[in-house]
């Protein structure tokens with residue numbers, strides 16, 4: 010995958026419920042696009058998330074029972090945009106120091122639907138980008154700053170490499186919805 014966009018850390022979101030499939034509802038995510046960093050601004054990631062004020066510290070506390078036992082949620086992302094997009098997610102993982110892992114990229118064609126995760130946890134985060142848009146978290150809501158690479162990855166949220174960049178992931182409550190349409 011080529012580098013499509015630098016991370017956009019200030020996006021305003023609006024959730025709109027769309028018609029449901031069977032008994033599951035889909036949520037539509039739309040966004041108002043702010044200005045990107047000025048030309049020449051240093052947008053390179055620091056060496057470690059701890060170097061970023063508030064990075065990773067905004068993650069919900071993961072405890073036993075964060076999800077209903079036996080209630081597995083199948084998380085889907087639907088591309089309602091007119092261009093291909095790529096999605097990365099952060100999810101609870103007790104084997105990680107910060108108890109969260111990140112994984113990506115799922116490439117979704119326009120109109121496509123991709124199953125990304127089965128989880129019993131209630132909360133997760135996502136980040137998505139296309140050649141003309143970014144779906145990300147903002148400074149006013151729960152969010153997670155996470156390291157991602159250009160190629161496929163699956164690692165703990167606090168682990169980065171010299172080829173990583175930091176993206177601000179948007180918080181999702183899976184008790185509200187498990188199918189997310191990105192428009």
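Residue numbers (the numbering used here): 10 to 192.
For glycine and all other residues, C-beta sits at the position ideal for the given N, C-alpha and C.
Buried or exposed: residue 120, going by 16 or more other Cβ atoms within 10 Å of its Cβ?
On the chain shown, position 111 is the one that residue 120 refers to. Counting Cβ neighbours within 10 Å, residue 120 comes out exposed, since fewer than 16 surround it.
How would you write the range of the beta strand (DSSP E) that residue 128 sits in, first residue to last?
As a first step, residue 128 is located in the chain shown; it is residue number 119 there, counting from the start. Residues 122–128.
Completely contained beta strand (DSSP E) runs for the segment 148–181, where each covers 3 or more residues:
152–157, 162–165
Which of helix, strand or coil does DSSP assign to residue 191?
As a first step, residue 191 must be located in the chain shown, where it is residue number 182. In this structure, residue 191 counts as strand in the three-state DSSP scheme.
Measuring CB to CB, does residue 143 end up less than 8 Å from residue 114?
Sequence index remark: in the chain shown, residue 143 carries index 134 (1-based). Sequence index remark: in the chain shown, residue 114 carries index 105 (1-based). Result no, Cβ atoms of residue 143 and residue 114 do not sit closer than 8 Å.
Hey, would you say residue 129 sits closer than 8 Å to residue 80, going by beta carbons?
Within the chain shown, the letter at position 120 stands for residue 129. Within the chain shown, the letter at position 71 stands for residue 80. Yes, the pair counts as a contact, with Cβ atoms nearer than the cut-off.
Below 8 Å between beta carbons: does that hold for residue 94 and residue 88?
As a first step, residue 94 must be located in the chain shown, where it is residue number 85. As a first step, residue 88 must be located in the chain shown, where it is residue number 79. Cβ atoms of residue 94 and residue 88: closer than 8 Å.
Quick check on the DSSP output: the beta strand (DSSP E) that includes residue 82 runs from which residue to which?
Along the chain shown, read from residue 1 onward, the residue named residue 82 stands at position 73. Looking at the DSSP string, the run of the beta strand (DSSP E) that includes residue 82 is 82–88.
Residue 185 - DSSP class collapsed to helix/strand/coil:
Here residue 185 corresponds to residue number 176 of the chain shown, with the count starting at 1. Coil at residue 185, not helix or strand.
Cβ neighbours of residue 118 in the same chain (closer than 8 Å, five flanking residues each side left out):
Position 109 of the chain shown holds residue 118. Taken in chain order, the residues that qualify are 88, 93.
Between the Cα of residue 112 and the Cα atoms of 137, 141, 91, 189, which residue gives the shortest distance?
What you label residue 112 is simply residue 103 of the chain shown in a count that begins at 1. Residue 112 has its Cα closest to that of 137, out of 137, 141, 91, 189.
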